[in-house]
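The next block holds one structure in the form of structure tokens; read it before the comments.
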Amino acid sequence: MRSRESKNSRNESLRVSRKFLSLLENEKPKRVLFVCHRSADPDSYLSSYALANLVRRVAGSRTSVAIPQGEVEVVRRLRQKYRMREAKQEMSYDISIAVDVGNIELLGEWKEKFLNSKSILVDHHPHTDLDYYTVAIVDQLAVSTSEIVLRIFELARLKPSLLVSQAMLDAMIYDSQHLSIATENTLIAAAKLISLGASLDLARDEIRTERSYDQVIARLKSAMRMYLYRAGEWLIAFTKVNSFQAQCARSIVQIGADVAFAGGVTDGTTRVSIRSTQNFFVRTGIHLGNDIAARAASELGGLGGGHSTAASFECSAPIEDALAKCRNIIERALSLSMKRIMP
Ligand SMILES: [Mn+2]
189 MRSRESKNSR NESLRVSRKF LSLLENEKPK RVLFVCHRSA DPDSYLSSYA LANLVRRVAG
249 SRTSVAIPQG EVEVVRRLRQ KYRMREAKQE MSYDISIAVD VGNIELLGEW KEKFLNSKSI
309 LVDHHPHTDL DYYTVAIVDQ LAVSTSEIVL RIFELARLKP SLLVSQAMLD AMIYDSQHLS
369 IATENTLIAA AKLISLGASL DLARDEIRTE RSYDQVIARL KSAMRMYLYR AGEWLIAFTK
429 VNSFQAQCAR SIVQIGADVA FAGGVTDGTT RVSIRSTQNF FVRTGIHLGN DIAARAASEL
489 GGLGGGHSTA ASFECSAPIE DALAKCRNII ERALSLSMKR IMP
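Quick note: the sequence shown uses the numbering used here, first residue 189, plus one each step.
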């Protein structure tokens with residue numbers, strides 16, 4: 189079942205990738221805009237970087253990149269090495285490509301510009317609405333968008349340069365959490381990049397994040413404030429923290445919870461990040477992006493989604509209501525009642 193699904197997802201994305209390549213070859217777009225997701229991470233930025241290289245080689249286009257609401261610190265550093273021309277709002281583009289963007293709203297101030305040209309999506313997040321896109325290359329089973337980009341290179345029979353190979357490997361190592369959630373396909377793709385000269389040590393070094401005092405304090409605080417429920421065999425944790433929600437939820441899963449919700453208010457917006465173990469996903473089939481974050485967001489009038497074991501949503505409801513909604517949704521999803529066990 190799983191392997192048949194995985195083939196379909198891959199075959200479908202290959203079929204659409206061919207369509208994308210012939211669009212590039214036939215139309216030879218002059219200007220191509222790449223748009224990363226809001227607060228771009230290494231996969232979003234470096235997959236754009238690699239795909240921009242392919243677009244220039246196939247169509248001779250002029251390529252530039254837009255990062256809505258700025259990038260995270262590690263991407264700021266990566267941009268010094270993997271350079272892309274900055275896009276301008278006043279410029280017009282023939283084709284726009286959203287890379288690793290799980291929801292059109294994550295294009296922020298670039299959404300309109302994006303929809304004003306032929307719009308392409310290259311992504312590994314689940315999508316419910318693909319009507320926005322002229323061409324949508326989506327493979328949910330790819331662990332990083334860069335795996336999809338590498339397949340497009342192969343389809344186009346182009347050999348990525350050393351620099352482009354390294355960029356794709358960095359993205360893969362980042363999104364696979366240092367290969368801990370890699371699939372066989374991730375490893376095969378990583379090995380191909382290594383055989384093209386990319387270095388695993390360099391990838392680890394380039395995506396490292398500096399230890400941040402504020403982040404450590406947020407994580408410790410979130411553990412102190414945690415309240416824990418038990419549902420059948422599962423331990424489900426909730427905590428309130430106003431920054432680094434994703435890192436806090438991940439830390440709580442690392443110390444033993446099966447699922448962790450970390451929510452708080454940042455810049456007036458309620459944000460909840462959710463993480464689970466792979467074991468929880470495999471055994472319950474509960475996909476945090478589709479079954480929890482997207483549902484909570486839609487019931488609270490917010491926006492959310494994500495992957496099977498990592499997801500988040502935003503809304504304007506008070507944090508207490510958002511977390512209560514999460515408790516309710518996961519209880520329904522598990523069909524088990526939850527008992528509070530601490531504090
Ligand atoms: Mn990604």
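A virtual CB, placed ideally from N, CA and C, is assigned to each residue, including glycine.
Here the segment 307 to 315 lies against the segment 276 to 289, with 3 or more beta-carbon pairs under 8 Å apart. Here the segment 268 to 277 lies against the segment 233 to 246, with 3 or more beta-carbon pairs under 8 Å apart. Distances from the CA of alanine 482 to each of Val243, Val470 and Val460 were compared; the closest alpha carbon is that of Val460. For aspartate 393, the three-state secondary structure derived from DSSP is helix. For glycine 490, the CB contacts under 6 Å within the same chain, skipping 5 residues up- and downstream, are Phe501, Glu502 and Cys503 in chain order. Under the three-state reduction of DSSP, leucine 423 is assigned to strand.
Nearest to alanine 419 by alpha-carbon distance, out of Lys380, Ser332, Val429 and Arg520, is Arg520. For isoleucine 325, the beta-bridge partners assigned by DSSP are Val310.
For alanine 499, the enclosing beta strand (DSSP E) begins and ends at 498 to 503. Between valine 220 and isoleucine 285, the C-beta gap is smaller than 8 Å, which places the two residues in contact.
For aspartate 231, the shortest C-beta to heavy atom distance toward ligand 1 is below 7 Å.
Along the segment 462 to 487, the alpha helix (DSSP H) occurs as fully enclosed runs of 4 or more residues at 466 to 472, listed in sequence order. By the Cβ rule, the segment 203 to 214 counts as touching the segment 242 to 257, because three or more pairs are nearer than 8 Å.
By the Cβ neighbour-count rule, alanine 379 is exposed, with fewer than 16 other Cβ atoms within 10 Å of its own.
If you draw a straight line from the Cα of glutamine 435 to the Cα of glutamine 403, it is about 8 Å long.
Look at tyrosine 417 here: in three-state DSSP terms it is strand. In this chain, the beta strand (DSSP E) harbouring lysine 527 covers 527 to 530. Under the three-state reduction of DSSP, glutamate 274 is assigned to strand. If you look at serine 284, you'll find it in the beta strand (DSSP E) that goes 283 to 287. By the Cβ test, the segment 249 to 268 is not in contact with the segment 376 to 390, since fewer than three Cβ pairs between them sit closer than 8 Å. The Cβ-Cβ distance between valine 453 and asparagine 430 falls below 8 Å. Distance from the CA atom of isoleucine 369 to the CA atom of lysine 276, rounded to whole angstroms, is 36 Å. Taking all protein chains shown into account, alanine 324 has 16 or more neighbouring C-beta atoms within 10 Å of its C-beta and is therefore buried. From the listed residues Gly444, Asn241, Glu293 and Ser410, the smallest Cα separation to serine 334 is found for Asn241.
Under the DSSP assignment, phenylalanine 341 falls outside any beta strand (DSSP E), being part of the alpha helix (DSSP H) whose first and last residues are 333 to 343.
For valine 223, the enclosing beta strand (DSSP E) begins and ends at 219 to 223. Taking 8 Å as the upper bound for CB-CB distance, leucine 329 and arginine 198 are in contact here, some 7 Å apart. With a cut-off of 7 Å, the C-beta of threonine 472 is classified as distant from ligand 1, since no heavy atom of the ligand falls inside that distance. In summary, lysine 513 is buried, with 16 or more beta-carbon neighbours lying within 10 Å of its beta-carbon over all protein chains present. Taking C-alpha positions only, isoleucine 336 is separated from serine 227 by approximately 21 Å.
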